[in-house]
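Structure, as structure tokens:
Numbering (UniProt numbering), first residue to last: 1 to 477.
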């Protein structure tokens with residue numbers, strides 16, 4: 001019996017998760033070819049030779065990485081899932097997204113954490129009222145490519161340092177893709193099923209370039225949203241608590257469990273309030289820079305000497321109490337607020353060419369007056385909450401802070417939106433409009449990011465797709 005040929009475009013965060021789960025579902029009953037732009041070295045957009053331009057957003061230049069494991073190798077985000085509290089309007093698409101998240105979140109958590117760590121997380125998890133629990137994966141467990149075993153990798157054909165530049169179609173069927181390497185050599189790869197997992201922005205750029213008709217038929221590239229991030233208030237010398245609940249992170253087998261508070265405007269805009277710790281401790285900033293490799297930090301010998309006591313206390317609380325040490329109980333509250341959907345933000349092709357002679361991507365992303373009004377409304381809510389609980393604070397928010405990513409965490413959504421309406425770019429089986437065998441997975445499928453870092457939430461879409469498409473006798477689509 002002929003095996004189904006599967007082509008996965010991109011072995012980053014979603015490509016790695018998809019490959020592992022495909023092999024676990026199908027074993028050797030499918031032939032998988034993977035096309036990856038990078039190699040074992042994690043590279044930024046500039047290092048890999050891609051191009052982007054934007055006046056206000058750094059999502060492309062600072063928020064994406066290439067190579068085996070992609071951005072997961074630099075993952076500073078958290079594992080979280082959507083729930084009904086993030087859909088006050090009872091939108092039908094969001095009801096489906098939330099249902100899938102609740103159905104598959106245990107499966108995703110088990111894949112990422114394992115049974116033992118999952119049980120410990122359950123003991124810390126608190127989802128009552130407006131509280132939500134998230135988890136930062138430990139440093140050695142972030143890169144999802146490294147979860148693929150040697151046996152699993154032996155079952156796939158991995159082509160590194162090649163870039164997909166075009167699709168070959170026959171009507172709605174994708175017959176194959178054309179790749180190019182840095183020397184300009186082209187190769188044609190045929191398959192039965194294609195998965196576009198090159199990252200949200202690069203996947204959109206490739207669709208814009210290869211299927212320009214989608215810009216007329218769908219909202220491809222439109223409604224680009226991200227969390228608006230702003231540090232609101234600074235608290236000195238007081239225990240980190242919100243409405244009586246401790247928000248001090250706990251360490252679970254090297255991963256960091258956190259708590260956040262869901263917030264909402266009168267118009268239904270959703271966001272989350274979360275603490276920022278040890279921002280003024282230079283040695284802690286250096287530690288984060290080493291681990292996550294995003295924010296750059298300059299630390300003097302004097303800073304290191306002053307940081308010795310902090311490191312001692314940090315290590316002691318880590319080892320003996322499984323808690324994060326918070327220097328002098330100084331902390332701040334940051335707001336991350338979803339942007340409206342629909343909006344006027346957009347991704348499009350630029351005129352600038354990259355090292356592959358391909359057009360770059362232009363990100364037209366702005367913060368609207370409505371966004372600013374929503375931030376001000378939430379800020380007033382938070383101030384009233386702190387006053388009621390007797391917490392003294394210092395107002396540190398300013399207009400200039402809007403859009404500044406303190407932790408370089410980007411959540412691009414909306415521009416490859418899935419849905420049931422005629423303008424949706426993908427259907428509810430994650431299939432790109434106008435095709436019958438091209439599927440996409442990234443946060444760009446989501447209309448909005450709501451109150452979470454949505455990376456893991458979109459893994460639930462992969463679980464759903466595999467269950468529906470490959471569950472019977474390992475028979476592919």
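Think of the CB as a built atom: it goes at the ideal place given N, C-alpha and C, for glycine as much as any other residue.
None of the values given here were measured: they were computed from a predicted structure.
Alpha-carbon spacing of residue 131 relative to residue 451, whole angstroms: Residue 131 and residue 451: Cα-Cα distance of roughly 11 Å.
Distance cutoff 8 Å, beta carbons only. Does residue 231 sit that close to anything in chain D? Annotation note: the requested chain D is absent from the structure, which comprises a single protein chain.
Give the DSSP bridge partners of residue 132, in chain order. 260
Counting only the same chain and skipping the five closest in sequence on each side, list residues whose C-beta sits under 6 Å from that of residue 463. 104, 107
Please classify residue 219 as buried or exposed, where buried requires at least 16 other C-beta atoms within 10 Å of its C-beta. buried
Leaving out five residues before and five after residue 10 in sequence, what residues of the same chain have Cβ atoms less than 6 Å from its Cβ? 197, 198
Residues near residue 71 by beta carbon distance below 8 Å, same chain, minus five either side: 12, 13, 63, 64, 65, 199
Cβ shell of residue 17 (< 7 Å), same chain only, five flanking positions each side left out: 144, 459, 462
Taking 8 Å as the cut-off, decide whether the C-beta atoms of residue 345 and residue 224 are in contact. yes
Identify the residues that DSSP records as bridge partners of residue 277: which are they? 331
Kindly indicate which three-state DSSP category residue 250 falls into: helix, strand or coil? strand
Only counting the same chain, and skipping five residues up and downstream in sequence, which positions put a Cβ closer than 8 Å to that of residue 269? Here the set comprises 337, 338, 340, 374.
The beta strand (DSSP E) with residue 384 in it runs from where to where? Here residue 384 belongs to no beta strand (DSSP E); instead the alpha helix (DSSP H) covers 369 to 388.
Bridge-paired residues (DSSP) for residue 104: Beta-bridge pairing links residue 104 to no other residue.
Nearest to residue 80 (by Cα), restricted to the options 455, 358, 267, 69: Comparing Cα-Cα distances from residue 80 to each of 455, 358, 267, 69, the minimum goes to 455.
Within its chain, find whatever has a CB closer than 7 Å to the CB of residue 44; leave out the 5 residues flanking it on each side and keep chain order. Excluding residues within five positions, the ones whose Cβ falls inside 7 Å are 65.
Tell me, which residues are paired with residue 440 by DSSP? 196
Using the Cβ count rule (16 or more neighbours within 10 Å means buried), how would you classify residue 417? buried
Should residue 474 be labelled buried (16 or more other beta-carbon atoms within 10 Å of its own) or exposed? Annotation note: pLDDT 46 at residue 474 (below 50); position unreliable, coordinate value reported separately. Exposed.
So what does residue 67 bridge to, in DSSP terms? According to DSSP, residue 67 bridges with nothing at all.
Would residue 312 be called buried (16 or more neighbouring beta carbons within 10 Å of its own) or exposed? The residue in question, residue 312, is exposed, as its Cβ has fewer than 16 Cβ neighbours within 10 Å.
Take the Cβ of residue 433 as the centre, count every other Cβ of all protein chains shown within 10 Å, and call the residue buried at 16 or more, exposed below. buried
Count the CB pairs spanning the segment 261 to 278 and the segment 364 to 379 that are closer than 8 Å, and state whether there are at least three. yes
Boundaries of the alpha helix (DSSP H) in which residue 15 is found, first to last residue: 13 to 26
Name the two residues that bound the continuous beta strand (DSSP E) containing residue 161. Taken as a continuous stretch (DSSP letters only), residue 161 belongs to no beta strand (DSSP E), as it is neither H nor E.
Nearest-angstrom Cα distance between residue 32 and residue 172? 21 Å
Quick check: what's the CA-CA separation for residue 413 versus residue 60? 13 Å
Helix, strand or coil for residue 122, going by three-state DSSP, please let me know. helix
With 16 as the cutoff for other CB atoms within 10 Å, does residue 444 come out buried or exposed? buried
Could you give the DSSP three-state label for residue 36: helix, strand or coil? Looking at residue 36 - three-state DSSP - the assignment turns out to be strand.
Cβ pair residue 245, residue 259 closer than 8 Å: Yes; because the gap between Cβ atoms is below 8 Å, this pair is in contact.
Am I right that residue 51 and residue 360 are in contact with their C-beta atoms under 8 Å? What's the rounded C-beta distance? 3 Å
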